[in-house]
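Structure first, commentary second.
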Amino acid sequence: MAATAAVIGPIARNLVVLGSGRSSPLGQYRERLGGRGADVAVGLAQLGCPVALLGVVGDDAPGERLLDRAGAAGVETGWVLRRRGAPTGLVVDLLGADGRWRCREDRPAGWLSLRDVTAARPLLTSAATVVIEPQPGGATLAAAECAHSAGRRVVLDGHPGEDPRSRVRLLAATEVLCLDRAAGSRLAGRPLDAVDVALKTADGLLRLGPALVALDLAARGTLFVWADRHLLLPPSGGGSAAFTAALAWSLTRGQGPRRAARLAVAASQIPAGRPGGRPDLSPEALAPRLAELDRHIAPAR
């Protein structure tokens, strides 16, 4: 089946370490498929979307295991590149004795190159929606412009970069922009600690190309801005992969920004079945969250 959505982003071994303490520094641990790109792709597959993943792993046994796990989760992996001689990336999520999560990353397999993006043109020009997790180098811009020139929806899940010229081009090729609180504040040049400040920031971004901007305002909620309207919903959990997957899938199905926003926030609020695990994005799990959100939706601007 042809992919309805493509996700470009990191793929890595995700080592989740639990219950660390003085007597057992590593505590209990388990390994799962990780990396932001893989997480968004799995979320889309859970929601019923035919999805292909474009990223990089090493030509080692861990890379092979990750591809097997992604395939078992319903993600097409034929576009994933195997870097010869490079180990697969590793992300370690550590739950300390104080109850706080800490993250460490190592990505020796590297990132996508411009040549990789060119080779993936058939995918980028055929998928209805292309979700891009920004990465170093020019691959992010090249992928966005390739998909945009073919009339595909580009969802940029993160900061559009520091270079002003590249940023303008990238935003012009982006239809949906998702920013967590840190990325939004960095792009605005000031903390997004008030709704009116966030609205001004989003309005400025809309003039540069995106049709929909989603901003995580932490405890103040999740702000969606499009055309001459906005919607403020409860907090979404800090820009989770489930949020991005649900937003992209809803829009791909032809639903408007309001319904897409509901589904995205509902998906992000479903707790994982276990620490470090993934949420269940089944209709049965989403239904009560959507019903709860309907009581919070405020009139659009």
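In the numbering used here, the protein residues as written are 289 to 589.
Every residue gets a Cβ at the ideal spot worked out from N, C-alpha and C, and that includes glycine.
Spatial distance of residue i from residue j (CA atoms)
i: residue 434; j: residue 412; result: 7 Å
i: residue 432; j: residue 402; result: 12 Å
i: residue 371; j: residue 407; result: 15 Å
i: residue 573; j: residue 453; result: 43 Å
i: residue 554; j: residue 501; result: 17 Å
i: residue 375; j: residue 344; result: 10 Å
i: residue 497; j: residue 560; result: 34 Å
i: residue 312; j: residue 518; result: With a pLDDT of 45 at residue 312, under the threshold of 50, the predicted position of this residue should be treated as unreliable, though the coordinate-derived value follows. Cα-Cα distance, rounded: 49 Å.
i: residue 485; j: residue 350; result: 45 Å
i: residue 367; j: residue 580; result: 39 Å
i: residue 583; j: residue 521; result: 10 Å
i: residue 306; j: residue 570; result: 26 Å
i: residue 423; j: residue 397; result: 13 Å
i: residue 470; j: residue 330; result: 24 Å
i: residue 392; j: residue 381; result: 7 Å
i: residue 508; j: residue 524; result: 10 Å
Beta carbon of residue i nearer than 8 Å to that of residue j
i: residue 327; j: residue 548; result: no
i: residue 506; j: residue 378; result: no
i: residue 443; j: residue 466; result: yes
i: residue 533; j: residue 332; result: yes
i: residue 399; j: residue 426; result: no
i: residue 405; j: residue 294; result: no
i: residue 504; j: residue 472; result: yes
i: residue 339; j: residue 292; result: yes
i: residue 458; j: residue 493; result: no
i: residue 499; j: residue 463; result: yes
The beta strand (DSSP E) enclosing residue i, as first and last residue numbers
i: residue 380; result: 378–383
i: residue 504; result: 500–504
i: residue 510; result: 510–514
i: residue 368; result: Residue 368 -> no beta strand (DSSP E), and no H or E assigned at all.
i: residue 393; result: 389–394
i: residue 346; result: 344–346
i: residue 465; result: 464–467
Cβ-based neighbour list, residue i, same chain, cut-off 8 Å, excluding 5 preceding and 5 following
i: residue 323; result: 297, 298, 299, 300, 302, 343, 377, 379
i: residue 421; result: 295, 296, 297, 298, 324, 325, 328, 445, 446
i: residue 357; result: 320, 321
Neighbourhood of residue i by C-beta, 7 Å cutoff - its chain only, sequence neighbours within 5 removed
i: residue 576; result: none
i: residue 320; result: 302, 304
Limits of the unbroken alpha helix (DSSP H) element including residue i
i: residue 404; result: 402–407
i: residue 520; result: It is not in any alpha helix (DSSP H) - residue 520 instead sits in the beta strand (DSSP E) that spans 517–521.
i: residue 494; result: 483–494
i: residue 535; result: 529–540
i: residue 569; result: Neither: residue 569 is in no alpha helix (DSSP H) and is coded neither H nor E.
Chain-order list of residues whose beta-carbon lies under 6 Å from that of residue i (same chain, five-residue window excluded)
i: residue 551; result: 534, 538
i: residue 567; result: 530, 558, 560
i: residue 448; result: 455, 458, 459
Whole runs of the alpha helix (DSSP H) within the region 410–448, excluding any shorter than 4 residues:
Qualifying alpha helix (DSSP H) stretches, in chain order: 427–437.
Which full runs of the alpha helix (DSSP H) of 4+ residues lie inside the region 294–342, going along the chain?
Whole alpha helix (DSSP H) segments, 4+ residues: 324–334.
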